[in-house]
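Protein sequence lines correspond, in order, to chains G and F.
Take the first sequence: its position 236, counting from 1, is numbered 235 in numbering that gives the first Met the number 0, and each next residue is one higher.
Take the second sequence: its position 167, counting from 1, is numbered 166 in numbering that gives the first Met the number 0, and each next residue is one higher.
Even glycine gets a Cβ: it sits at the ideal position worked out from N, Cα and C.
One structure is given below, encoded as structure tokens.
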Amino acid sequence: MTFLLAIETCQLTKTYQGQGGCRDISLAVPSGCIFGLLGPNGAGKSTLVKMLVGLLSPTSGEAKLLGRPIEDVSVRKKVGFLPETFRYHDWLSGEDLLRFHGSLFGMSSRETKARIPEVLHAVGLADQGSKRVGGYSKGMQQRIGLACALLPDPDLLFLDEPTSALDPIGRKEVRDLLASLRDRGKTIFLNSHLLSELETVCDQIAIIKKGQLLFQGDWRELAASGQQVKVVVNGDAPVDMISTPSPSHPAIRLHSQQVLTWDNSGYPLRKEWILTWNGDADVPALVKGLVDNGLSVYEVTPISNSLEELFLQYVSE
Amino acid sequence: MFAIARLTFWEASKKRVFFITFLLSAAFLSLYGLALRMLAQQMVTIIGPNSAQLIVKQILGQQVLGAGLYFASFLLALLALLASVGSIASEIENGLLQAIVSKPIQRREIVLGKFLGYGSLLVAYGIILFAGVISINWIYNQAALISMTPGRMIFGTLIFIMQPLVLLSVAMVFSTLVKTLPAGIASVMLFGLGVIGGFLEQIGSMVSRTDLMNIGIGISLIMPADALFRKLMSVIATTETNPLASLAAGPFGTAAPPSNVMLFYTILYILACLAISIYHFNKKDL
Chain G
0 MTFLLAIETC
10 QLTKTYQGQG
20 GCRDISLAVP
30 SGCIFGLLGP
40 NGAGKSTLVK
50 MLVGLLSPTS
60 GEAKLLGRPI
70 EDVSVRKKVG
80 FLPETFRYHD
90 WLSGEDLLRF
100 HGSLFGMSSR
110 ETKARIPEVL
120 HAVGLADQGS
130 KRVGGYSKGM
140 QQRIGLACAL
150 LPDPDLLFLD
160 EPTSALDPIG
170 RKEVRDLLAS
180 LRDRGKTIFL
190 NSHLLSELET
200 VCDQIAIIKK
210 GQLLFQGDWR
220 ELAASGQQVK
230 VVVNGDAPVD
240 MISTPSPSHP
250 AIRLHSQQVL
260 TWDNSGYPLR
270 KEWILTWNGD
280 ADVPALVKGL
290 VDNGLSVYEV
300 TPISNSLEEL
310 FLQYVSE
Chain F
0 MFAIARLTFW
10 EASKKRVFFI
20 TFLLSAAFLS
30 LYGLALRMLA
40 QQMVTIIGPN
50 SAQLIVKQIL
60 GQQVLGAGLY
70 FASFLLALLA
80 LLASVGSIAS
90 EIENGLLQAI
100 VSKPIQRREI
110 VLGKFLGYGS
120 LLVAYGIILF
130 AGVISINWIY
140 NQAALISMTP
150 GRMIFGTLIF
160 IMQPLVLLSV
170 AMVFSTLVKT
180 LPAGIASVML
190 FGLGVIGGFL
200 EQIGSMVSRT
210 DLMNIGIGIS
220 LIMPADALFR
230 KLMSVIATTE
240 TNPLASLAAG
250 PFGTAAPPSN
260 VMLFYTILYI
270 LACLAISIYH
280 FNKKDL
């Protein structure tokens with residue numbers, strides 16, 4: 000069955016003696032996307048994830064995974080989870096560990112047997128399955144944890160810092176794996192501090208701070224909504240034309256300007272403006288307007304906010 | 000539940016504490032067998048009327064049998080407490096349970112699976128240990144087993160293996176309530192309290208002090224492991240319940256054997272402990 004929303008929470012709250020945790024989180028994660036959860040340390044990210052996978056009982060509020068309440072443990076048959084503290088039975092071999100987790104997922108031994116080579120291959124441990132987990136490196140232990148989470152071919156995957164122990168190549172492999180899972184219609188809920196990584200793979204994000212949800216949605220739309228353009232021009236600049244919204248340029252504001260070069264008498268020649276649009280930037284119209292006003296245009300560069308800038312903007316407010 | 004039980008059994012059998020207890024048990028049975036062999040040789044040299052020889056044999060035999068079963072119970076108790084006390088607490092502390100609790104299973108299945116896993120190991124080990132002690136006595140100390148029948152043997156085995164199950168259930172309660180170290184300390188202290196309670200009850204019975212007996216019974220209700228041992232001795236060693244017979248059996252004898260109601264109480268006690276463990280674990284934030 001396909002669901003519009005893979006995760007749906009309504010005023011989900013978890014507090015510890017009335018403090019900390021997270022409060023009134025109402026989240027809607029669409030199916031088939033990679034959703035990133037961002038927040039500074041202690042913001043309540045892990046609390047939220049732990050509530051959703053059944054490790055913490057909510058103080059109040061409701062949540063649904065794949066259309067069913069989180070209290071219904073049977074929904075977890077199609078939910079994979081990689082905890083941040085990826086500790087597993089280190090005396091078992093990788094394959095034995097997967098067999099054990101297969102039985103916990105309620106998979107038959109035949110299903111598990113068929114899936115083990117697939118997931119080991121997917122996480123890059125194809126030839127390491129017979130070795131003891133205790134003998135694995137940190138990165139390999141994180142990979143075997145990911146293999147456990149992938150075992151039932153889950154529709155929803157919770158990954159708490161999934162690449163914290165991986166080298167750059169390993170991170171790239173995991174990113175590719177997540178993208179391929181998304182392409183197969185799987186939903187991935189990613190909790191990571193690595194903003195550059197989230198920026199690469201996430202379709203949507205949520206930002207929480209001090210237990211409160213500050214933003215959720217498509218971060219690229221958010222980044223584009225306050226788009227800026229850097230313009231380098233030569234000539235007398237009719238700053239008023241752009242610094243004050245007018246009927247011809249209703250959405251443009253001059254954010255900043257600086258002189259780049261002067262002539263021999265100290266007269267400013269070349270200037271750099273940073274212009275901000277309230278809506279989508281119409282760069283061709285801007286260039287035409289500048290040229291029509293007698294300016295020589297040397298450079299026009301759209302500036303998009305990075306996820307990191309957006310994140311910092313939100314959490315520092 | 001059975002997946003957890005299988006893994007727990009497998010894991011427990013690989014633990015160092017099990018290996019050490021196994022070695023200690025082998026050493027104990029060897030030394031115990033040697034001591035009984037030497038005692039049997041010494042008995043032959045006792046000179047006197049046949050009836051006097053028999054009484055000496057029975058008194059010494061009872062004491063040696065009691066000592067053997069007591070130390071076997073003690074080894075089993077140590078294994079039960081040390082192996083299982085961190086079963087849940089330590090796995091919460093190191094995060095191992097996070098990947099298990101998030102699976103499509105009820106939390107009670109984890110508690111029951113662990114009880115079943117450790118319990119089966121303790122039962123299997125208890126049967127071997129009990130059979131070892133009884134076999135050695137059967138070879139060298141038959142006088143102490145004159146009242147033994149197959150029925151009593153089976154009944155005795157059941158009582159013997161109930162002792163570690165009681166301790167296991169108590170350890171599970173503490174393991175869901177507090178961290179590993181406090182859980183271990185609390186469980187061992189409760190076990191010690193049960194032993195003291197058992198002694199108080201026996202002494203009270205010997206000197207006919209009802210108040211002392213009541214204190215002992217009260218403690219046995221809090222921790223029935225020692226009461227089970229007294230019941231075991233009354234089933235295996237003797238049918239006599241008078242103070243003289245218990246004096247003859249020494250500190251491991253039974254002046255006032257617990258009734259069968261105590262056995263039912265113990266079963267309820269184990270079930271109640273499991274219910275408390277499940278209740279606490281269900282409420283536990285991981």
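_I want to know whether the region 195 to 205 of chain F touches the region 215 to 230 of chain F - three or more CB-CB distances under 8 Å._
A contact is defined here as three or more CB-CB pairs under 8 Å, and the region 195 to 205 of chain F meets this definition with respect to the region 215 to 230 of chain F.
*By the criterion of Cβ-Cβ separation under 8 Å, what are the contact partners of G/Pro82 in chain F?*
Near G/Pro82 (Cβ distances below 8 Å), the residues of chain F are Gly94, Gln97, Ala98 and Ser101.
*asked:* Using a 10 Å radius around the Cβ and a threshold of 16 neighbouring Cβ atoms, would you call F/Tyr15 buried or exposed?
replied: The residue you asked about is not Tyr; residue 15 of chain F is Arg in the sequence shown. F/Arg15 should be labelled exposed.
*Could you tell me which chain G residues have their CB closer than 8 Å to the CB of F/Glu10, listed as they occur along the chain?*
Result: His88 and Trp90.
*Give me the Cβ distance between F/Leu64 and F/Ala143, rounded to the nearest whole Å; I'm assuming they're in contact under 8 Å.*
Taking the Cβ atoms as the reference, F/Leu64 lies roughly 4 Å from F/Ala143, within the contact range of under 8 Å.
*Does the Cβ of G/Lys287 have 16 or more other Cβ atoms within 10 Å, making it buried, or fewer, making it exposed?*
G/Lys287 is exposed by the Cβ-count criterion.
_Status (buried if at least 16 other CB within 10 Å, exposed otherwise) for F/Met188_ = By the 16-neighbour rule on beta-carbons within 10 angstroms, F/Met188 is exposed.
*In chain order, what residues of the same chain have a beta carbon less than 6 Å from the beta carbon of F/Gly112, not counting five sequence neighbours either side?*
Result list for F/Gly112: Met0, Ile3 and Ala4, in chain order.
*Of all the residues that make up the region 199 to 218 of chain F, which are near chain G by a beta-carbon distance shorter than 9 Å?*
The region 199 to 218 of chain F vs chain G, Cβ under 9 Å: nothing.
*Cβ pair F/Asn213, F/Arg106 closer than 8 Å*: No, they are not a contact pair.
_Residue-level contact to chain F via CB, G/Cys147, 8 Å cutoff_ = For G/Cys147, the closest Cβ of chain F is nearer than 8 Å.
*What three-state label does DSSP hand G/Lys208 in the structure shown?*
Look at G/Lys208 here: in three-state DSSP terms it is strand.
*With 16 other CB atoms within 10 Å as the buried threshold, where does G/Tyr15 fall?*
Looking at its Cβ environment, which holds fewer than 16 other Cβ atoms inside 10 Å, G/Tyr15 is exposed.
*How close, in whole Å, do the beta carbons of F/Glu92 and F/Thr179 come, if the pair is a contact with beta carbons under 8 Å?*
Contact flag correct, Cβ pair sits at about 7 Å.
*asked:* If the criterion is Cβ atoms closer than 8 Å, does the pair G/Gly101 and G/Leu150 meet it?
replied: Cβ distance < 8 Å, so G/Gly101 and G/Leu150 count as in contact.
*On the premise that G/Val72 lies in contact with F/Pro103, defined as a C-beta separation below 8 Å, what is that separation, rounded to the nearest angstrom?*
Right, their Cβ atoms sit about 5 Å apart.
*Since F/Arg107 is in the alpha helix (DSSP H), which residue starts that stretch and which ends it?*
Taken as a continuous stretch (DSSP letters only), the alpha helix (DSSP H) holding F/Arg107 covers Arg106 to Tyr139.
*asked:* Quick check: is the beta carbon of F/Ala88 nearer than 8 Å to any beta carbon in chain G?
replied: Taking Cβ atoms only, chain G never reaches closer than 8 Å to F/Ala88, which makes this a no.
*Mind listing the chain F neighbours of G/Leu165? Cutoff is C-beta to C-beta under 7 Å, in chain order.*
The premise fails here: G/Leu165 is roughly 18 Å from chain F at the closest Cβ pair, so nothing lies under 7 Å.
_Exposed unless 16 or more other CB atoms sit within 10 angstroms - verdict on F/Ile138_ = Around the beta-carbon of F/Ile138, fewer than 16 other beta-carbon atoms lie within 10 Å, marking it exposed.
*How should G/Trp261 be labelled, buried or exposed, when 16 other C-beta atoms within 10 angstroms of its C-beta is the threshold for buried?*
Exposed is the call here.
*Would you call G/Asn190 buried or exposed, if buried means 16 or more other Cβ atoms sit within 10 Å of its Cβ?*
Counting Cβ neighbours within 10 Å, G/Asn190 comes out buried, since at least 16 surround it.
*Short-range partners of chain F found in the region 129 to 143 of chain G, where Cβ spacing is below 8 Å*: Cβ contacts with chain F: none found.
*Using a Cβ cut-off of 8 Å (strictly closer), state whether G/Val72 contacts chain F.*
By this cut-off, G/Val72 is an interface position.
*Quick one: is F/Arg6 near chain G, going by C-beta distance under 8 Å?*
Note that residue 6 of chain F is Leu in the sequence shown here, rather than Arg. With 8 Å as the cut-off, F/Leu6 counts as an interface residue toward chain G.
*asked:* Once the 5 residues before and after G/Phe310 are set aside, which same chain residues still bring their CB inside 8 Å of it?
replied: Sequence-distant Cβ neighbours of G/Phe310 in its own chain, meaning closer than 8 Å and more than five residues away, are Leu37, Leu194 and Ile206.
*Three-way DSSP call (helix, strand, coil) for G/Trp272 in this model*: If DSSP states are grouped into helix, strand and coil, G/Trp272 belongs with the strands.
*Pull out every residue of the region 93 to 125 of chain G whose Cβ sits closer than 8 Å to any Cβ of chain F, in chain order.*
Correct list: Phe99, His100, Ser102, Leu103, Phe104 and Gly105.
*Range of the contiguous beta strand (DSSP E) that encloses F/Ile19*: No beta strand (DSSP E) contains F/Ile19, which is instead part of the alpha helix (DSSP H) from Arg15 to Val43.
*Below 8 Å, can you find three or more Cβ-Cβ pairs linking the region 60 to 77 of chain F to the region 22 to 32 of chain F?*
When C-beta atoms of the region 60 to 77 of chain F are compared with those of the region 22 to 32 of chain F, three or more pairs fall below 8 Å, so the two segments count as touching.
_Given F/Lys287 as reference, the closest of G/Leu212, G/Gln256 and G/Leu55 once Cα atoms are compared_ = Nothing about residue 287 of chain F can be read from this structure; chain F reaches only from 0 to 285.
*Please compile the residues from chain F whose C-beta is within a distance smaller than 9 Å of the C-beta of G/Gly60.*
Counting only Cβ-Cβ distances below 9 Å, G/Gly60 has no contacts in chain F at all, with the closest Cβ about 15 Å away.
_If we define contact as Cβ-Cβ less than 8 Å, is F/Ile104 a contact residue for chain G?_
Yes, contact with chain G.
*Over the uninterrupted beta strand (DSSP E) stretch that includes F/Tyr264, give me the two end residues.*
Judged by DSSP secondary structure, F/Tyr264 falls outside any beta strand (DSSP E) and instead within the alpha helix (DSSP H) spanning Asn259 to Lys282.
*Between which two residues does the alpha helix (DSSP H) containing F/Gly150 stretch?*
That run of the alpha helix (DSSP H) goes Pro149 to Leu176.
*How would you list, in chain order, the residues of chain F whose beta-carbon sits under 7 Å from the beta-carbon of G/Arg75?*
In chain order: Ser101, Lys102 and Pro103.
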